[in-house]
Structure formats: C-alpha cells, structure tokens
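**Student:** Quick one: structure below, then a few questions.
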Amino acid sequence: MADPTLIIASDPVEAAVDVWHGAYREALSEDRSFAVALAGGRTPATLYRRLSVEPLDWSRIEVFLSDERAVPPDDPESNWGLISRLLLDPVSAPAENAHRPRGEADDLAAAAREYARTMEDILPTTAGGVPVFDLVLLGLGADGHTASLFPGSRALGVRDRWFVSAAGASQADPRLTITYSVIEAARNVCVLVLGESKSRVLSEVLRGVAEVPAAPLRHWGNVLWLADEEAARGAASSSGPYRVDRR
Ligand code: 6PG
C-alpha cells in the first residue's frame with residue numbers, strides 16, 4: 139500500500155495531458171496500442187477538447203468508457219455522446235477502436251457482460267484475467283463516488299467481473315460501470331478533481347476518513363490524484379498520509 143499523491147496543478151488540464159502522453163508513449167514504446175478508459179461527467183470536457191488537438195496516432199488508441207448512463211448515445215446524458223462530440227469525432231477516431239457500452243440496452247447486465255468481453259478480447263490481462271488499461275481516467279463525485287461506483291451500489295462488492303450494471307442506493311436508474319478490479323489493475327489511473335465543491339470529499343478521501351466508493355483508491359500506487367487549487371484547498375490545508383506536489 140502506497141500513500142496517495144496529490145498533484146495540485148496550476149493548469150490541471152495540461153497536467154492531465156502530460157499524464158496521458160506519458161502513458162501513451164510507454165504503451166507505444168512497448169509496441170502496444172494505448173488502451174484508455176475515459177471518464178464521463180463535466181470535469182473532463184476541457185481535457186477532451188484539449189486532447190482533440192494533440193498529435194496522437196488514433197489508430198494506436200483503444201478507447202473505452204469508465205462508465206455510462208442507461209441511455210442511448212444521442213441522449214444529452216450519454217457519456218459516449220459527450221466524448222464523441224468533444225474528442226472522437228474531431229479526431230476521426232477509427233470506429234474499430236472506439237468501444238461503446240450499450241447504455242440503451244433493455245438488458246443492461248447483458249450489455250455489461252458484452253463490454254467486459256470486449257475488454258478481455260482487446261486488452262492484455264493479468265494472470266487473474268483482469269483487463270489492463272494503460273490509463274483509466276476518473277472523476278470524483280461530491281458523495282465520493284467514482285466512475286459509477288456509487289454509495290450503496292452492489293457493484294462495490296464485485297471483484298470477479300470487469301464491467302457491471304448497478305444503481306447506487308440514491309439512484310433511480312442503473313448505470314454501467316468499470317469495477318474496482320480493473321481500476322486496481324490499470325498501469326495508470328488519473329482522478330481529475332476540479333472546483334471548490336470537491337474540496338471536502340477529496341480531503342476526506344486522501345486523509346482516509348471517508349468510507350466512500352473512491353476511498354479504496356487511496357491505497358493503490360497506480361492512482362494519481364490531480365486537482366486544481368480550489369479542489370485541493372481542504373487537502374492542502376490538512377495533513378495526512380498523503381504527499382502533495384505542485385506542478
Ligand atoms: C459520470 C462520471 C462520474 C463523474 C463524477 C463527477 O458518468 O457522471 O463518470 O463518475 O466523474 O460524477 O462528475 P463531474 O465531473 O460532472 O463533477
């Protein structure tokens with residue numbers, strides 16, 4: 139177990155682009171495609187716009203989602219719709235490398251199993267069969283959820299599957315989400331946290347005082363917590379078993 143590292147960045151999007159490039163170059167240098175799981179929500183929108191103008195070889199990038207809502211891709215709530223508008227369409231990502239979870243499916247559990255099989259077919263796996271991403275991008279909800287691992291969700295207890303459908307205790311609709319096993323097995327995980335509204339939960343997670351879905355990630359050495367000054371205010375003014383660097 140490693141102590142978590144919090145990076146407080148004057149330009150967190152640029153810092154996230156650097157994280158992306160580091161993992162991307164490592165994959166290509168090892169003659170692998172770069173496999174990435176993208177986060178939904180509002181936080182990464184600027185990052186996706188920024189990546190759309192980066193000199194990347196999209197024929198060498200396998201794109202997945204960390205989670206998706208139970209909606210079709212043309213729904214305003216769809217994470218796939220978001221990343222397509224901001225990133226995949228502008229870079230003309232090859233369709234065969236753009237792997238969309240079927241949020242519109244009537245049988246979400248079957249759609250989740252299908253997506254997990256796609257991960258197994260395309261990604262390298264651990265000895266235990268867990269698909270290994272080069273980079274998993276995640277956000278952090280004010281309630282401490284990450285991906286769609288929400289408080290009270292039965293997905294929190296799943297370790298032998300890679301992508302599942304589940305709803306949190308406070309949710310009416312189920313979500314499709316990556317599981318802890320895949321997050322823990324990834325070569326790199328970047329939790330991008332922006333804005334004052336996340337300051338308390340980020341501080342509590344890093345200090346280990348919050349039993350929330352993002353809490354287990356604080357023990358994993360592959361996880362980088364990347365925040366702006368506002369989101370880091372609580373953690374930066376506290377002390378705890380975590381390192382703080384500034385970029
Ligand atoms: C989603 C995301 C979710 C998000 C957090 C933070 O589907 O909404 O995957 O986990 O990262 O809810 O959301 P914001 O970035 O909008 O604050």
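Counting the sequence shown from 1 gives a position; the working numbering is that position plus 138.
Glycine included, every Cβ here is placed at the ideal spot set by N, Cα and C.
(1) Between leucine 273 and the ligand 6PG, is the CB less than 7 Å from at least one heavy atom?
(2) Tell me whether arginine 255 is buried or exposed, calling it buried when 16 or more other Cβ atoms sit within 10 Å of its Cβ.
(3) Please report how far the alpha carbon of serine 222 lies from the alpha carbon of glutamate 349, in whole angstroms.
(4) Just to confirm my understanding: we take arginine 345, look at its own chain, exclude 5 residues before and 5 after, and list those with CB closer than 8 Å. What are they?
(5) Using three-state DSSP, classify aspartate 298 as helix, strand or coil.
(6) Note down, in chain order, each residue of its chain lying with its Cβ closer than 7 Å to the Cβ of valine 361, except the 5 sequence neighbours on either side.
(7) Can you tell which of Arg297, Arg187, Glu152, Ile199 has its C-alpha closest to the C-alpha of glutamate 164?
(8) Is leucine 278 helix, strand or coil by DSSP?
(9) Assuming threonine 143 is part of the beta strand (DSSP E), what are its boundary residues?
(10) Could you name each continuous alpha helix (DSSP H) segment of 4 residues or more that falls completely within the segment 344-376, going from the start of the chain to the end?
(11) With burial defined as no fewer than 16 other Cβ atoms inside 10 Å of the residue's Cβ, what is the status of threonine 264: buried or exposed?
(12) Between tryptophan 300 and methionine 257, is the Cβ-Cβ spacing less than 8 Å?
(13) Do you know how far the Cα of alanine 293 is from the Cα of leucine 189?
(14) Does the Cβ-Cβ distance between threonine 181 and glycine 277 come in under 8 Å?
(15) Note down, in chain order, each residue of its chain lying with its Cβ closer than 6 Å to the Cβ of arginine 384, except the 5 sequence neighbours on either side.
(16) Measuring alpha carbon to alpha carbon, tell me which residue in Phe202, Asp281, Ser319 is nearest glycine 295.
(17) Using the DSSP secondary-structure output, state which residues sit across from phenylalanine 202 in a beta bridge.
(18) Assign proline 150 to one of two classes, buried (16 or more other C-beta atoms within 10 Å of its C-beta) or exposed (fewer than that).
**Tutor:** With the structure as the only source:
(1) Distances taken from the Cβ of leucine 273 to the heavy atoms of the ligand 6PG include none shorter than 7 Å.
(2) Exposed, by the Cβ-count rule.
(3) If you take the alpha carbons of serine 222 and glutamate 349, they lie about 34 Å apart.
(4) Take arginine 345, set aside five residues on each side of it, and the residues of its chain with a beta-carbon closer than 8 Å to its own are Ala373, Ser376, Gly378, Pro379, Tyr380, in chain order.
(5) Coil at aspartate 298, not helix or strand.
(6) Excluding residues up to 5 positions away in sequence, Pro142, Val327, Val329, Leu355 lie with their Cβ nearer than 7 Å to the Cβ of valine 361 in the same chain.
(7) Closest option to glutamate 164, Cα to Cα, is Ile199.
(8) Three-state DSSP puts leucine 278 in coil, outside helix and strand.
(9) Under the DSSP assignment, threonine 143 falls in the beta strand (DSSP E) whose first and last residues are 143-146.
(10) If only complete runs of 4 or more residues are kept, the segment 344-376 shows the alpha helix (DSSP H) at 367-374, in order along the chain.
(11) Classification for threonine 264: exposed.
(12) Contact: yes.
(13) CA-CA distance, leucine 189 to alanine 293, rounds to 30 Å.
(14) Going by C-beta atoms, threonine 181 is nearer than 8 Å to glycine 277.
(15) Correct list, in chain order: Ile146.
(16) The option with the nearest alpha carbon to glycine 295 is Ser319.
(17) Residue pairing by DSSP puts phenylalanine 202 in a beta bridge opposite Ala175.
(18) By the neighbour-count criterion, in which a residue is buried when 16 or more other Cβ atoms sit within 10 angstroms of its Cβ, proline 150 is buried.
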